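Sequence lines, in order, name chains A, B, C and D.
With the first sequence counted from 1, adding 463 to any position gets you this note's numbering.
With the second sequence counted from 1, adding 39 to any position gets you this note's numbering.
With the third sequence counted from 1, adding 464 to any position gets you this note's numbering.
Going by this note's numbering, the residue at position 109 of the fourth sequence is 97; the numbering climbs one at a time, nothing skipped.
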Amino acid sequence: MEPPAKYLYYPGCSLKATGVAYEESLLTTLRLLEIPVEELSDWNCCGATAYMSVSEASATLLALRNLALAHQAGTKDVLAPCSACYLTLRKSHELATHYPEAAKDVERFLEQAGLPRPDSVRVRHPLEVLYTDVGIQRLRELTVRRLQGVRMASYYGCQAVRPYGEVDDPHEPVRMDEVLRAVGVETVDYPLKTKCCGGSLTGTIHEVGLRLNYILLKEAQRKGAQAIVTICPLCQFNLDAYQREIRKQTGEPIDMPVLYLTQVIGWALGGGFRELGLHRAISGRKLIEQWFTVKKEAETYV
Amino acid sequence: MSERNGEVRIGVYICHCGVNIAATVDVRAVAEYAATLPGVVVARDYKYMCSDPGQEMIQQDIRDHQLNRVVVAACSPSLHERTFRNAVERAGLNPFFFQMVNIREHDSWVHSDREAATEKAKDLVRAAVMRVYFHKPLERRRVPVNPDVLVVGGGIAGIHAALTVANSGKRVYLVEREPTIGGHMAQFDKTFPTLDCAACILTPKMSAVKEHPNITLWTYSEVVSVDGSVGDYRVVVKRKPRYVREDLCVGCLQCIEACVFKEAKFDDEFNLGLSKRKPIYIPFPQATPKVVVIDPEACIQLRTGKCKKACLEACAERGAIDFEQKETYEEIHVGSIIIATGFQTFDPRRMPQYGYGKYPNVYTTLEVERLVNASGPTGGQVVTRDGRVPESVGIILCVGSRDERTNRWCSRVCCMTSLKLAHLIKEHTGAEVFIFYIDMRAAGKGYEEFYQRVLNEGVHFVRGRVAEITDWAMDPSEEGKLIARVEDTNTGFVRRIPLDMVVLAVGLEPQFDALNVQRLFGIGCSMDGFFLERHPKLAPSPTYTDGIFIAGVCQGPKDIPDSVMQAGYAAAEAIALADTGFFELEPNTAYIIAEECSGCKTCIPLCPYQAITFNEEKKKAFVNEVLCKGCGTCVAACPSGSIKQNLFEDEEIFSEIEGVLAYA
Amino acid sequence: MERQIRYQREANLEWARQFTKQPGGERLLSCIQCGTCSGACPLSIYMDLTPRQVIALVREGFREDALRSKTIWLCASCYACAVECPQKISITDIMYRLKREAIRSNLYPKRFPIPVLAREFCEMVRRRGRNSEFWVVFRMALRSNPFVLFSMARTGWDLWRTGRLSLRKERIRRINDLQFIPAASKEVD
Amino acid sequence: MEDKPITDQLVTSADWEPLVVAFFCNWCTYTAADLAGVSRMGYDHNVRVIRVMCSGRVDPQFVLDAFAHGADGVLIGGCHPGDCHYVEGNYKTLRRYHLLKRVLRDLGIEEGRLRLEWIAASEGEKVAKTINEMVEQVRALGPLRLTRRFKEWDAELASHEAEAQSEEVATHA
C-alpha cells in the first residue's frame, strides 16, 4: 500500500490537555519523518466512552461530524492518536455503514449540518503509520541516536487493538516492540500489554483504578522493564500521574517513566527534549533526564 | 405432440407430509388447481404419499383411469424419486413417465407466507405437468460392479472396514499414508469408559489385517489419482520409498541399534516430539507392518551419501536395507471405495491465551495420552517437562471447539477423554485435578456412570471457560505456577487457580489435506470441512458419489465405538454393492440425432469422459452411452440442436420454464 | 429476609426480544454461559454481578436486575470480553446499551460517580463541542462526592506544574452543527 | 430508444412482485437448496428452481426463454470450480455466462438480471443469501415483463402494418 501524501490530524480533547506531550512528540516525530500533517479544522469531541453511555446515536453523529469535515478537507487519512478517539471514530463509521437505522440518522444529520458523507475517509493510528506506512526498515535508517541498555515494556492498553484488531493482533501484539527495536530500544516480554488501565475509573472509583495501574507497573518492574511505553493519552496519564499515590498506598518504591511511543521514536530520530514534551513527565523524571539529555542539547535547553 | 405420445392422461398427487407441507401449503387448493390443467385426469392430496396406501392410491388410479403420466409433489427427488418410479413401474407404466415436484425442501420449509407458498406450489406443479407431457419411456441402465474394494486410511475405522469386507470374501486394498496402520487409537493409553488398554484391543486387529489373505496392505502410500465411477474405479497408489524392503525385513530392529547415531536426536512423531528417535526407526513396537523405515531428511547416507552404513552391515544377510529404493506406482481396479482418513487435532497455538508453545507445561490431551502410557516417552510417569510430579493439574475443555473464532462444532470426544485423563492423572500422581468445562457431555453407554465415578474420586469440576493461562503471580502461593483465570460460573465469582500442569482438550478437525482428498474422490464437504454424507440421518456413510463411502472421524467427530459402527456400515454397503453385482444408473445420457448433426465437432472437446467420437466417414458425431455420465454440457453447446439428453430433453425444460412462468 | 424468587410475570420478554434486534445485541441468544467474558474482564472482581450473569438476566428479560447492577457502570469499555467471547457477542456494546437505558429510566445509583461523569461529559460536549477534562472532572466531583476533590489536589498540582492542566474552556466555531444532534434525553432506542 | 434499458419505459405497478427462475445443478446447488430446506433457512418466495444435472446443461436459450416468458431475473447455481461432479462442466457454464451477459447487454436487458453463483452442497446458507440478494436486486431493477412488451410491440407492429396497408390501399385507389 502506498503511504498517503498527507495526514489530517485529529487531536481529540486529551491531546490538548493532559496528553499534550503526545501531541508535541507526535508532531515532532512526523516532522522528522518529513510526513506532512495538518490539524483538522474545527474538530469536535469524538463522543468517546462517556457519550456512548448516554446516547449511541448522538455519539455516532458527533464522531461522524469529524469524519465529514475531513472528507470536506479532501484528505483520506485521519490520524487519531488517542485510543478512545480511534475506536469511537472507527466504530461510528462502521455503525453508519452496517446499520440502516443508524445510517438514516447520519444522513439526516449531515444534510442538516450541510456536510458530505465521509465514505472514503480512513481512520488511522500513529502506530500503524510508523509500522505500515513508514516501515521498520526506514525507521532503522533514519535513527540518529540510540538508547543503549534501556529496557522498556510496550503497553497498548485496550482500545487501540480491540475489537477491530487492525492496529495489531488483539492477543499478542508485536508491532510496538518491533518499532522500538528498530530504533535500538530493548523491549521486555510484557504479558499485560493489552490489559486495561481502568480508563476513567481512576477518577470515579479511585481505589479500583489505582489497583489496576499498580498491577501494570508492578509487572513491568518484575519483567525487568525500566520504563513503560504507551500509545494512549489516558493510559499514560493513569500510569504516570498516580505513581505517588500508589507508592503511598502499597509502600513499594515504584518510580517509573511512562513514555509515549512517539517520544521515544522522536528522540531516536533527533528530536529535542522539550519539543518532545519529555519535560511534562510526572514520574521517573530523573531517569528521563538521564536518558534523554544530550550534551549539546542540554546546553540549549538548560 | 399428442401424435407422438398418444393421448396424455396425467395423475397429480400432492403430499401433506403430515403437516410438514400441509401447514404452509394449502394442499387441497393445489390439487384442485392441478385438476384444471390440460391433460390432468385426476388430482388428489394425501397425508403421506410415500406410505404404502399412498403408493397404492397411485397404482389404483393408473389402473382405473388409464393414467400414463404421474406427477407427485412432495419432498426432494433425492429422497423419494426412486420410490415413486418403482410404484409407477409396478402398476405397469414405464418408470420414467414420472415427475417429482419438490414442495417441501424448496417451498413449505423455507417460506412462511401460506398464500405465497401455495402459489409457488401451484407454479411448480404446473411446470411438472407441462414437463411430464413430453416424457418418454426409457430403459433402466445398469453397470457391472467389480467386487474389489479400496479402503483409504488405516486407523480403527479403516481397519475395521477392511477386515469386515475381507471376511466376506472380497479383495481389499488398504492404503495408509503413515509407515504403520493404527492411527490415533494406537497413541491412546486407555479407552473410556471401560479403561481397556487401547493397544491391547487394537493390535490384534492390526495383525489380523496383516495376515488376512484377502487384504493387500500398502502403508507409507497415498492415492494419487481416481478415475472411473461406481462399479469400476481405476485408482493409482503411490508407494513412497521407505528405503527398506518390506518383503525382506523381519523387524529384528538390529539396524536401529547399529545406526551411526548413537543418540536418538530426531523428534519422534508417534510420541508427538516428547521423545527422540534415530533416522532409522520403527514408529512403535507393535507397528504393522513390523518394518523399519528410514527418514531421508535425517539419514546421513540419504542426505550426503557419506555414511559408513552401519545399518547395512547389521542387516547383512537379509539385505533388506535399500538406499536406492524409489517410489513406485500401483494401479488397481475396484468397484467401491471406503474413505476413512480420520482427523487432526486442533493446534492450540491458534489460541495464544492458553500459552501452548510458550509455557512448557501446557500440554495437549494427545500428549498426555503418551505421558500416561507405560510404553510412552516417560515410561508412564506423569511428570512436567522439568521433571516434577505435578501437584495440581488443570484440564481445559472445548479448546478449539464450540468457538466461532476457531471451530464451531462440539468435538464430542473431549469430555470423555478428559474424564479418563483426569482419572489416570490422579491415579498416577495423586494430584488435585481441575476440569474446566462449559457443559459436560457424557452421552453414551456407561459414560454418565464414568462421570459419576470421576466426580466421586474428588476431581474438581469448575464450570467456566478459562480466559487465560499466565505465569504471572499475584500471590506468593502462585509463584512458579501456571495460573488459570476463570469465572467459576457455579459460584459466580472469578477464580485464580495455580497449576503445575495444564492440559488442553484440543478438538478434532478435518485433516489438513481433506480438501485435496475431497477433490480427488469427487465427494463433498460440509461447512465444517468434514466429508459430506448423503443424508445426515438415513445415509450417514454413503456419499453423493455412488460407490464411495465414508467412515470414522473424516465424516465428523465421533468416538471409537461410533467409528467402528460406521466402518461396519460402510463395509456392509460395499459388500451389498459387490454382491448385487450391478448398479443402476439414471438413464440421463446424451444421444445424437444423426440426420441433424452438422458435423461441426463443437461437442467433441467438451466431454470430460471422451464419450463423443466423430465418424469421419459419415461426418457425424456419436455418443457412447456407456461412457456418458449425463451432465448435458454437450447438449447445451450443440449449435444444430442435434444432441439430446434423456430425462432432460430441451422441450421438457422449455415447458418447465414456461410452466413456472405461466402467470408472469 | 428478602425473598429471592422471580415470578415469570416479572420477566419482560418483549424487552429481551427487542434487545437482540439492536446493534450489538444480535448474537445475544448465542451465549453459552461459559464465563469467558467474566474471566477476561479486568474489573469483574469488583462487580456485583459478573458480565455473564448480566447477559443471562438480559436474555431472560429481568430488566430491572440488569439495569440496577453496578456491573454496567464498572465496565471500562476495554473490549477484552468481546475479543475473547467464543460466540462473538459484543458484550461491551450490550453494557453501553444498558447504561443508556439505566440513565433514561433513572435506575442508576444516584451518587455513583460514573453515570454522573457520563452526563457531565455529554452536557459539556453538547454545549461546547469539546470536553475540557478539568471542568468535567470538577463538576462530576461536585455532584457525586465533593470530598474527593481534596484527594485529587495533589495530582492536579502535578499536572499544573508540568503544563498538562488546562483551565481553558474549549469551544468549536460551528457549534450550530451540533443543534441537529437529537438531545440525549429524548433519544428512544 | 434501443440504448435505454427496456425497463425504463415501464411504469412500476404497486402490486408487482419480481420473479426469478433458478437453474440449479443436481449435485451441489440443488442439494444445498435441499439443505436450506432441512435447516429451515427462510428465503424470499419469488424464486422457482429448475433442476438440471449440471450447470453445464444450462443452454443460453433456457435463459433467454425464461426472460421471454416473463422472468425478471435468472439465477444459475453450480458447483465451485474444481468441485464439479462432471469434472469441468461449471467452467463451460462460466464461459457461456460471460457471453450471455454481452448478449443481454446488447438486447437492452440489465446485466444484474442474470447471476451465476457457485454454491457447494453444504452451503445452504449461501442459497438463502443468494436468492434473497437476487430477488432484491431484481426488485430494485423493476419489472422486465417481456411478455407484456411483446404484446405491446405486436400491437404496435400490427397497427403500423394496418396503417401501411391502408396507405397502400389509398395510393392504389
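Positions of the beta carbon are idealized from the N, C-alpha and C atoms, including for glycine.
Keep in mind it's a predicted model, so treat the numbers as computed, not measured.
Would you kindly report the start and end of the unbroken beta strand (DSSP E) that includes residue i?
i, result
"HIS73/D", "No beta strand (DSSP E) holds HIS73/D; DSSP gives it neither H nor E."
"PHE475/B", "471 to 476"
"ILE522/B", "521 to 527"
"GLY96/D", "Neither: GLY96/D is in no beta strand (DSSP E) and is coded neither H nor E."
Could you name the residues of the same chain whose beta carbon sits closer than 6 angstroms to that of residue i, not counting the 5 residues immediately before and after it, in chain order?
i, result
"TYR259/B", "PRO218, LYS279, ARG281"
"ALA645/A", "ILE599, LEU602, ARG603"
"SER264/B", "VAL275"
"TYR85/D", "LEU104"
"LEU234/B", "none"
"ASP(-9)/D", "Legend: pLDDT at ASP(-9)/D = 43, less than 50; position of this residue unreliable, value from coordinates given subsequently. Nothing listed; no residue qualifies."
Quick one: is residue i near chain C, going by C-beta distance under 8 angstroms?
i, result
"GLU179/B", "Reading off the sequence shown, one finds Arg at residue 179/B, where the question assumed Glu. ARG179/B does not count as touching chain C."
"ILE477/B", "yes"
"MET639/A", "no"
"ARG737/A", "no"
"THR763/A", "Legend: pLDDT at THR763/A = 42, less than 50; position of this residue unreliable, no value from coordinates given."
"GLU760/A", "Caution is warranted here: a pLDDT of 48 is assigned to GLU760/A, below 50, making its placement in the model unreliable, and the coordinate value is therefore given only provisionally. Judged by the 8 angstroms Cβ criterion, GLU760/A is not in contact with chain C."
"THR528/B", "yes"
Who are the near neighbours of residue i in its chain, counting only those whose CB is closer than 8 angstroms to its CB and skipping five residues on each side?
i, result
"ALA520/A", "ALA565, ASP568"
Given a cut-off of 8 angstroms, decide if residue j and residue i are closer than it, judged by their beta-carbon atoms.
i, j, result
"MET96/B", "PRO116/B", "no"
"VAL331/B", "CYS288/B", "yes"
"CYS667/B", "ALA650/B", "yes"
"ARG516/C", "LEU492/C", "no"
"SER431/B", "GLU471/B", "yes"
"VAL111/B", "TYR72/B", "no"
"ASP454/A", "LEU471/A", "Given that chain A is displayed from residue 464 to residue 765, the structure contains no residue 454/A and the question cannot be resolved."
"THR500/C", "PRO550/C", "yes"
"GLY65/D", "GLU144/B", "no"
Is the CB of residue i under 8 angstroms away from at least one CB in chain B?
i, result
"GLY503/C", "yes"
"LYS89/D", "no"
"GLU670/A", "no"
"ILE38/D", "yes"
"HIS742/A", "no"
Relative to the C-alpha of residue i, which residue among the options is closest?
i, options, result
"GLY78/B", "PRO626/B, ALA167/B, PRO134/B, LEU405/B", "ALA167/B"
"PHE50/D", "GLY30/D, VAL9/D, SER154/D", "VAL9/D"
"GLN605/B", "GLU623/B, GLU625/B, LYS576/B", "LYS576/B"
"PRO131/D", "ILE64/D, CYS72/D, LEU87/D, ALA56/D", "ALA56/D"
"PHE473/B", "GLU487/B, GLY485/B, GLU488/B, GLU496/B", "GLU496/B"
"GLU124/D", "ASN34/D, THR135/D, HIS68/D", "ASN34/D"
"VAL401/B", "LYS465/B, VAL541/B, ARG342/B, LEU292/B", "VAL541/B"
Would you kindly report the start and end of the unbroken alpha helix (DSSP H) that includes residue i?
i, result
"PRO563/A", "563 to 576"
"GLU488/B", "486 to 495"
"HIS145/B", "Taken as a continuous stretch (DSSP letters only), HIS145/B belongs to no alpha helix (DSSP H), as it is neither H nor E."
"TYR560/C", "555 to 568"
"SER440/B", "Segment: none, SER440/B is in no alpha helix (DSSP H) and carries neither H nor E."
Any beta carbon from chain A within less than 8 angstroms of residue i's own beta carbon?
i, result
"GLY593/C", "yes"
"PRO391/B", "yes"
"THR509/B", "yes"
Keeping to the same chain, check which residues put their C-beta closer than 7 angstroms to that of residue i; ignore five residues upstream and five downstream.
i, result
"CYS476/A", "CYS508"
Any chance the CB of residue i is under 7 angstroms from a heavy atom of the ligand ATP?
i, result
"ALA24/D", "No copy of the ligand ATP appears in this structure; indeed no ligand is present at all."
Is there a C-beta anywhere in chain D that falls below 8 angstroms from the one on residue i?
i, result
"SER681/B", "no"
"MET40/B", "Bear in mind that a pLDDT of 41 at MET40/B, under 50, signals an unreliable position, so the number given afterwards is only what the model happens to contain. Chain D, which has no Cβ nearer than 8 angstroms to the Cβ of MET40/B, makes this no."
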